[in-house]
Each structure stands twice: as C-alpha cells, then as structure tokens.
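Trainee:
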Amino acid sequence: RLDELKSGMIAATALNEPADTEAKRDGLPLLVDLKANLPWIFTAIAMDRKYLAAHRQQAREFLHAYIEGIDLALAYPPAARKILAEEFPTFSPAAVDAAYDDFRTRVPRDARPSRDGAELMLRETGSAGKPLTDYIDTSLLDDLGRDGFFDELKRRYRVQ
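Going by the working numbering, the letters in the sequence shown line up with residues 1077 to 1236, in that order.
Structure below.
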C-alpha cells in the first residue's frame, strides 16, 4: 500500500508500522493517527465456529505458540528487531525500530481482542447491538489461563 501511495496509484490508505514511519520520512501527509488511543482490533486470529469445534486442539496449540512468540519477542528485543528487519528489508532501521516499539506498546500479551475495539468495529459496520459473543470466543484463552500457561510464560521470560 505504501508503494501504491507513493506512486499516486491510490490517494490514501491506512498504514501500520513500519510503513507509517516510512511514509512520514517521505513527507506524505497524515490524515488520521491510528496510534491516538483509538480502540480498535489491529490484529486478530479469526476462524469460524465450525472450524474451531473440529480443530480445537490445533487451535489451542497455535495460540500457545503465538502467545509464547509474543513473550519471546518482548524478552529479546534485539532478536525481534532482527526478524523485523529481515521481513522488511527495504525499510529504514528507524522504521523497523518504530515497528517493534508499536508492537511492544499495542500487542495484547494474552492475545485477547480489545472489547472496546470490537464494540467500535461493530458500531462502524452497522452491527451494534449484537452481543460480542456472536463474534468473539475467548474460551481457548480462558482454558490457557486456567491451566497456568500465562503464569508459566511470566516465569520463563520475565517480561513485565
């Protein structure tokens, strides 16, 4: 999207880090600052209920790895920045640092979607009034919490 914006193929787009920092560096105007404490769900894991019912153990194992990856990235910033730099080889070191800082600030450590963000998204899509449980199932996260998974990660990685 950043390349299309720079080339003039599109007039505006939403950007997350590291593209946001690169756009600022290139002098592109900021229309809306998505970092301004706007409740939103920037990243989510989505699957339909039928798939979850049929693959519950695999989904749990995926969440286990995903959440541990978050703690690993927070516990070892140089390694996480190196991976980001490899993923975004055309971006400046400043943009890679901004991406990591944005991740560190925004990522929900327990992978829980933001309730306020979900409610805002429902309002914006005309689905307000429907219960969040129609859209969000945190039962696997609840299971991981009851099983002591999050406490174990805190002990292992010592990330506050």
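C-beta atoms are modelled at their ideal positions from N, C-alpha and C, and glycine is treated no differently. Here the structure is a predicted model, which means the values were calculated and not measured.
How big is the Cα-Cα spacing for threonine 1181 and methionine 1085?
Mentor: One C-alpha to the other measures close to 32 Å.
Trainee: Classify tyrosine 1176 as buried or exposed, calling it buried when 16 or more other Cβ atoms lie within 10 Å of its own Cβ.
Mentor: Buried: at least 16 other Cβ atoms inside 10 Å.
Trainee: Do you know offhand how far leucine 1198's Cα is from leucine 1078's?
Mentor: Distance between the alpha carbons of leucine 1198 and leucine 1078: 27 Å.
Trainee: Alpha carbon to alpha carbon, how far is tyrosine 1142 from alanine 1161? Give it in angstroms, no decimals.
Mentor: So the two alpha carbons sit approximately 20 Å from each other.
Trainee: Excluding five sequence neighbours on each side, which residues of the same chain lie with their C-beta closer than 6 Å to the C-beta of leucine 1237?
Mentor: What is shown of the chain runs 1077 to 1236, which leaves residue 1237 out entirely.
Trainee: Just to confirm, is the Cβ distance from leucine 1091 to leucine 1139 under 8 Å?
Mentor: Not closer than 8 Å, so no.
Trainee: For the alpha helix (DSSP H) that contains valine 1068, what are its first and last residues?
Mentor: Since the displayed the chain opens at 1077 and closes at 1236, residue 1068 lies outside it and no answer follows.
Trainee: Any contact between the segment 1189-1207 and the segment 1110-1117? By contact I mean 3 or more CB pairs, one from each, below 8 Å.
Mentor: Touching, yes, given that three or more Cβ pairs across the two stretches are closer than 8 Å.
Trainee: Work out the CA separation of alanine 1170 and threonine 1097 for me, nearest whole Å.
Mentor: Roughly 8 Å between the two C-alpha positions.
Trainee: Tell me the residue span of the alpha helix (DSSP H) that contains proline 1153.
Mentor: Where proline 1153 is concerned, the enclosing alpha helix (DSSP H) stretches over 1153-1163.
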